[in-house]
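Visitor: One line per chain: the protein sequences are A and B, in this order. Here our numbering runs 95 ahead of the position in the first sequence, where the first position is 1. Here our numbering runs 12 ahead of the position in the second sequence, where the first position is 1. Starting off with a structure, shown below.
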Amino acid sequence: MILVWLMVILFAGGIGAWLAESRGAEHPRAVALAAILLDLFLVILMLVAPDTLGLGTADTVAQLGQQGEWLVLLQADWIPRFGVSFIFGADGLGLMLIALTVFLGLVSLGAAWGEIHERSGFFYFNLLWTLAGVIGVFTALDLFLFFFFWEVMLIPMYFIIAIWGHENKEYAAMKFFIFTQVSGLLMLLSILVLVYFHYDSTQQMTFSYFELLGTQLPDNISMWVMLGFFIAFATKLPAVPVHNWLPDAHSQAPTAGSVILAGILLKTGAYGLLRFTVPLFPAESVVFGPYAMTLGVISILYTAKVAFAQTDLKRLIAYTSVSHMGFVLLGIYAWNAQAVQGAVMTMLAHGFSAAALFMLAGGLQHRIHTRDMDKMGGLWGVAPQMAFMAMFFTVAAVGMPGLGNFVGEFLVLLGSFQVSHTITAFAALGLVVAAVYSLIVIQKVFFGKNVNNLKMADLSGMEFLCLALMMIGLIWMGMYPQTMLDMAQPTLQSLNIAFPG
Amino acid sequence: MLDLLWLVPTIPLIGSLILIFTQGKLPEVPAGIVGAGSIGLAFGVALLAGIDFLQSDLPFFSQTLWTWMSVGNFNAGFTLYLDGLSLVMMFIITGIGFLIHVYATGYMHDDPGFARFFSYMNLFVSAMLILVLGDNLLLLFMGWEGVGLCSYLLIGFWYTDSYNGYCARKAFVVTRVGDASMALGLFLLFQNVGTLNIQESMQIAQGQWPAGGSNIATAITLLLLGGAVGKSAQLPLQTWLPDAMAGPTPISALIHAATMVTAGVYLIARTHVLYLLAPEVQYLVGVIGAITLLMAGFTALVQSDIKKVLAFSTMSQIGYMFLALGVGAWSSAIFHLMTHAFFKALLFLTAGSIILGMHHEQNIFKMGGLRKDLPWSHALFLIGTLGLVAFPGFSGFFSKEEILATAMSNHEGGYILYLAGLAGAVMTYLYSFRLYFLVFYGKKTHDGHEVMGLNLQGPLVLLAVLSVVGGFIAIPVHEVFPEVEEHHPSILAQAVMILLPMFGAVVAWWVFIKGGIDTDKLTASGIGKALHRFWFTQWGMDWLYDKVIVAPYVGLARLNRNDVIDSIYNGTARLALVLHGLVSDTQTGQLRWYALTMISGVLLLVSIGVLL
């Protein structure tokens, strides 16, 4: 039940925040903070004291006979006539992603704290509902339920961009909506075909993930059905050439929106590939693997180059996100122990580093009212704390050993090298081009002379706290990644990834 | 005491963290005490552990701190590994590092970024120690990237000048090209031997790969060599080093002369078993060294910035180390690495004193006749120069003679390398004494004054002592490297090796003191001008990289700033709008128009039906 509670708290908190606005503009954020902190408490309890909650025991992993890697699993009927049921579950991977979601939820709240004053009730409603939707996505194990949450997280996010965004918000929000919606429909179609053929062979109507695993599809359509899933998740990831919603959405969204988009929403795409696309279509994925890995490398290199040419700070960081998620795509389709562990580490580490960079970029825009880097310069002397943080997270994103992103990218490359030397050699060029686009940011924003004589406040206490926490997280991931690797391993093993040695 | 080994890289790290988190609020004196003191403390611990190690007769000592990552069959630990080679490196890094830190407390006096400077310096020392103490290539790579980052931060230390930022980025990106190659080398090594532990992988490789060379050994060593030439500023990735001189001078001494740039030499020496299994690549290392040492020598000859002359001479001396590696003179390479650290640190720091004394003037043509104004600097610079040119009795003499002697007796193409080394020795005398004469002799044009202070002169004197007697230090690496038979060249050969290079000094004297050749006229003439330009621009390689790689990349990126893929989607949207417009135009609201279209539609359908 704890998984349901996590979502219920957020759904209820969202409604509470909306209602609280009538008592004053400052009330909604307090309600939202309370809800997220309560969730965070539960998540920390799940992480550090799983025994007190009985995680992983027969009680929590009821029915279904799916013990082993699952920490918690529950099932209840929803629409029995169509075989649709509530199946929620969390294993090590899911739990880590939930923790990431709740933690970055707190960070996004910190980013919104001093920035959102207009219609704040509705804003925090959307924020919490997005988070709840994402937790649903990370826990739903019924494909219909999964699709439901996939939509739930989309709509509030659309409002966040469309209402509280910047100068070109309607365009960006609509683009985000259309990309996600069209690709989501392809996935829905694929789900229905999958369920139909499962029904055809077993005479049993079900949307359960466990039942649908291993479904045999006719040869002539299986690839198409797989592609329906792949396109939906690749759009969310995103991968070239379906990445174009992201730069607009990111640069137009308010800071909190960018933090959630980059930190969490992109990971739902990676999670979908890992949990659904490859396990449901193992044979097709083997055939498709080289193409997906190539797409990953193209994403890494192409968007790194586009990023380099940007002058809009948030747009630049947005493109670098696509570049980093290219490593995730590469790792998932290399499908061996090191590569997939690397992909998971990259998901987590990028969640922190990108969220932090967007928070800094948003903070800058809020202070000096521009995202144009050509108008900045010399800000190191003006806001040294902010400059230090920006340097830290940039260095993390470049893949400095000792920080989380390196562990992820190194393992991805190590694993994918065993699959394809050529593809990995190109991907390794990503290490070089990442340095090219990252250092230009530091140069344009913080180095050089402060020609426009910009003045601004350094980091607020709230911002500093959020950033410092993410910093500690990245150092932990970089110096002792075993914590995360050990948590993810049972999940990955259950997905039939061989762990030699 | 050996168990304290982990403290050696940890203490500088703590020093760095203290300085970072006090946010520059620490006044100069305590910041200097933390900054230099942490390195001094690390040196003390290193001495204790090192002496303990030398007395213990252990072949090596290893200390596992924790498991870094373990995924499937891949394992890498935070494990430190101390043997003779790491020991020498550890002493150089902490010892020379400490002297340079003390000097820097004087050099950086009154700089607003004083504490920030020392936080980066301490971080650098910590990373460099991890590089040389790591027992696996991944940990080595962590140090490798860490020193690269600190190098970037320190070259761009004076950040308000965009030029410094450009130099810092260039250094980082160019070495990153090498790093990417090195990373691929690690992947290939892991794929073939199943571990990145240095000793284990060398053992397995020795057992599995054929002795005469194999494709796999060639590929791996070539990829690792890519990393080494990037970090050590050898051809073809040497272009960043001269620009790195934009950083404060103590940085040039510590990072870009004594320690980081020699990391490539360390890497190859550390993995020498792999190179022995790939003889062609090993020879290539020597060839790269030989070409680089000559090229850098010529380029040093035409520079006008005192620090750039020293930068090219560093490049050239590392070329000697590569040459030594190429002919299997492993311990000589490390020996030269050490003596070079002594005299080059001395030269750079003394150059720093001269620059301070000349009010931040670095152009040697605006110096001249300074031996009276700067007596201290003059004496110290002369000692450093004698070390650099390998004057008999000075430290550089012993190491360079070893290298040349081994090269001469090497039968597999070593003789050509020997000749290159000898020619390089002539060049070294020539450019070193050109520099020395131009700065301290000739007509005085500007006044200078000696900047005095115990923290400035103290380290310089110690370095000068080391530059003189450093050649008598016996480095404990005989158990690390395979036995190399001793070579004793004939008296005649020795005389040639010692006396011939001195000819370079004579030429320098004749040209720059005696005025035997008018250099202005020479560089003004057609060939002279072209040659000067060719040498000055490092044989045009910067220009070439700019035209072939940088400019196209930047150009294409600018061209595609708006992401051409986006136009597909915006095009689709526009098409939909146009079609929508066309269709909505038919919605005129006029009944007769609807009636007309209905009738024509029916007629069309009927006629199709009839026709079919």
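Virtual Cβ for every residue (Gly too), placed ideally from N, Cα, C.
Among the residues of its own chain, which have a CB less than 6 angstroms from the CB of residue 401 of chain B, if the five just before and after it don't count?
Guide: So the list reads 440, 441, 444, once near-sequence residues are dropped.
Visitor: Using a Cβ cut-off of 7 angstroms, pull out every chain A residue sitting near residue 188 of chain B, in sequence order please.
Guide: The answer, in chain order, is 526, 527, 530.
Visitor: DSSP three-state label for residue 239 of chain B, please.
Guide: Residue 239 of chain B: helix per DSSP, three-state reduction.
Visitor: Count the other CB atoms, across all protein chains shown, that sit within 10 Å of the CB of residue 163 of chain B; report buried if there are 16 or more and exposed otherwise.
Guide: Per the 10 Å Cβ criterion, buried.
Visitor: Can you tell me the Cα-Cα spacing of residue 432 of chain B and residue 53 of chain B, whole angstroms?
Guide: Each residue's Cα considered, the two are about 42 angstroms apart.
Visitor: Quick check on the burial criterion: 16 or more other C-beta atoms within 10 angstroms. Buried or exposed for residue 596 of chain A?
Guide: Note that residue 596 of chain A scores a pLDDT of 48, beneath 50, so its modelled location is shaky; the value from the coordinates is reported in the next line. Exposed, because fewer than 16 other Cβ atoms sit within 10 Å of the Cβ of residue 596 of chain A.
Visitor: Could you give the distance in angstroms between the alpha-carbon of residue 341 of chain A and the alpha-carbon of residue 270 of chain A?
Guide: C-alpha separation (whole angstroms): 9 angstroms.
Visitor: Is there a Cβ of chain B sitting closer than 8 angstroms to that of residue 272 of chain A, yes or no?
Guide: It does not; no Cβ of chain B falls within 8 angstroms.
Visitor: Run through DSSP, which three-state label would residue 298 of chain A get?
Guide: Looking at residue 298 of chain A - three-state DSSP - the assignment turns out to be coil, as it is neither helix nor strand.
Visitor: With DSSP as the reference, please indicate the residues paired to residue 170 of chain A in a beta bridge.
Guide: Partner(s): A:182.
Visitor: Residue 389 of chain A CB to nearest chain B CB: under 8 angstroms?
Guide: No, its Cβ sits nowhere closer than 8 angstroms to a Cβ of chain B.
Visitor: Starting from residue 500 of chain A, trace the beta strand (DSSP E) in both directions and tell me its first and last residue.
Guide: Premise fails: residue 500 of chain A lies in the alpha helix (DSSP H), 499 to 512, not in any beta strand (DSSP E).
Visitor: Between which two residues does the beta strand (DSSP E) containing residue 364 of chain A stretch?
Guide: Not the beta strand (DSSP E): residue 364 of chain A falls in the alpha helix (DSSP H), residues 361 to 367.
Visitor: Spell out the partners DSSP gives residue 662 of chain B in its beta bridges.
Guide: The question about residue 662 of chain B has no answer, for chain B in this structure spans 13 to 624.
Visitor: Quick one: complete alpha helix (DSSP H) runs, 4+ long, within the segment 156 to 220 of chain B?
Guide: Listed in chain order, the complete alpha helix (DSSP H) runs (minimum 4 residues) inside the segment 156 to 220 of chain B are 174 to 205, 210 to 220.
Visitor: Starting from the beta carbon of residue 577 of chain B, find every residue of chain A whose beta carbon is closer than 8 angstroms, and list them in chain order.
Guide: Under the 8 angstroms cutoff, chain A gives 335, 336, 338, 339.
Visitor: Alpha carbon to alpha carbon, how far is residue 92 of chain B from residue 344 of chain B?
Guide: When rounded, the distance between both Cα atoms is 25 angstroms.
Visitor: Suppose the cutoff is 6 angstroms on Cβ atoms and the five residues either side in sequence are ignored; what does the same chain contact list for residue 207 of chain B look like?
Guide: For residue 207 of chain B, where only same-chain residues beyond five positions count, the Cβ hits under 6 angstroms are 213.
Visitor: Please give the ranges of any alpha helix (DSSP H) in the segment 352 to 433 of chain B, keeping only runs that are unbroken, at least 4 residues long and fully inside the region.
Guide: Entirely contained in the segment 352 to 433 of chain B, the alpha helix (DSSP H) runs reaching 4 residues are, in chain order, 387 to 400, 407 to 421.
Visitor: Can you give the beta carbon distance from residue 335 of chain B to residue 419 of chain B, rounded, assuming they're within the 8 angstroms contact cut?
Guide: With a Cβ gap of about 6 angstroms, residue 335 of chain B and residue 419 of chain B count as contacting.
Visitor: Going straight from the alpha carbon of residue 476 of chain A to that of residue 459 of chain A, what length do you get?
Guide: The straight-line gap from Cα to Cα measures roughly 14 angstroms.
Visitor: On the DSSP bridge list, what partners appear for residue 148 of chain B?
Guide: Beta-bridge pairing links residue 148 of chain B to B:209.
Visitor: Rank A:196, A:343, A:428, A:350 by C-alpha distance to the C-alpha of residue 378 of chain A and give the top, closest one.
Guide: Of the candidates A:196, A:343, A:428, A:350, the one whose C-alpha sits nearest the C-alpha of residue 378 of chain A is A:428.
Visitor: DSSP puts residue 83 of chain B in a beta bridge; with which residues?
Guide: B:86, per the DSSP bridge assignment.
Visitor: Taking 8 angstroms as the CB-CB cut-off, is residue 153 of chain B touching chain A?
Guide: Taking Cβ atoms only, chain A reaches closer than 8 angstroms to residue 153 of chain B, which makes this a yes.
Visitor: Quick one: give me the first and last residue of the alpha helix (DSSP H) that residue 454 of chain A is part of.
Guide: Here the alpha helix (DSSP H) through residue 454 of chain A covers 432 to 463.
Visitor: What residues match up with residue 303 of chain A in a beta bridge as DSSP calls it?
Guide: According to DSSP, residue 303 of chain A bridges with A:237.
Visitor: Helix or strand or just coil, what does DSSP make of residue 551 of chain B?
Guide: Three-state result, residue 551 of chain B: coil.
Visitor: How would you label residue 50 of chain B, buried or exposed, when you count the other beta carbons within 10 angstroms and need 16 or more for buried?
Guide: Looking at its Cβ environment, which holds 16 or more other Cβ atoms inside 10 Å, residue 50 of chain B is buried.
Visitor: Would residue 412 of chain A and residue 344 of chain A be called neighbours here (beta carbons separated by less than 8 angstroms)?
Guide: No, these two residues do not count as a Cβ contact at 8 angstroms.
Visitor: Per DSSP, residue 78 of chain B is paired with what?
Guide: B:90.
Visitor: Taking the alpha helix (DSSP H) that residue 523 of chain B falls in, what are its first and last residues?
Guide: Here the alpha helix (DSSP H) through residue 523 of chain B covers 503 to 524.
Visitor: Taking residue 379 of chain B and residue 271 of chain B to be in contact with their CB atoms under 8 angstroms, please state how far apart those CB atoms are, rounded to whole angstroms.
Guide: With a Cβ gap of about 28 angstroms, residue 379 of chain B and residue 271 of chain B do not count as contacting.
Visitor: Is residue 276 of chain A close to chain B, meaning its C-beta is less than 8 angstroms from at least one C-beta of that chain?
Guide: Not closer than 8 angstroms to any Cβ of chain B, the Cβ of residue 276 of chain A fails to qualify, so no.
Visitor: If we define contact as Cβ-Cβ less than 8 angstroms, is residue 581 of chain B a contact residue for chain A?
Guide: With 8 angstroms as the cut-off, residue 581 of chain B counts as an interface residue toward chain A.
Visitor: Since residue 17 of chain B and residue 75 of chain B should fall inside the 8 angstroms C-beta cutoff, what is the C-beta to C-beta distance between them, to a whole number of angstroms?
Guide: Their Cβ separation, rounded to whole angstroms, is 5 angstroms, which keeps residue 17 of chain B and residue 75 of chain B in contact under 8 angstroms.
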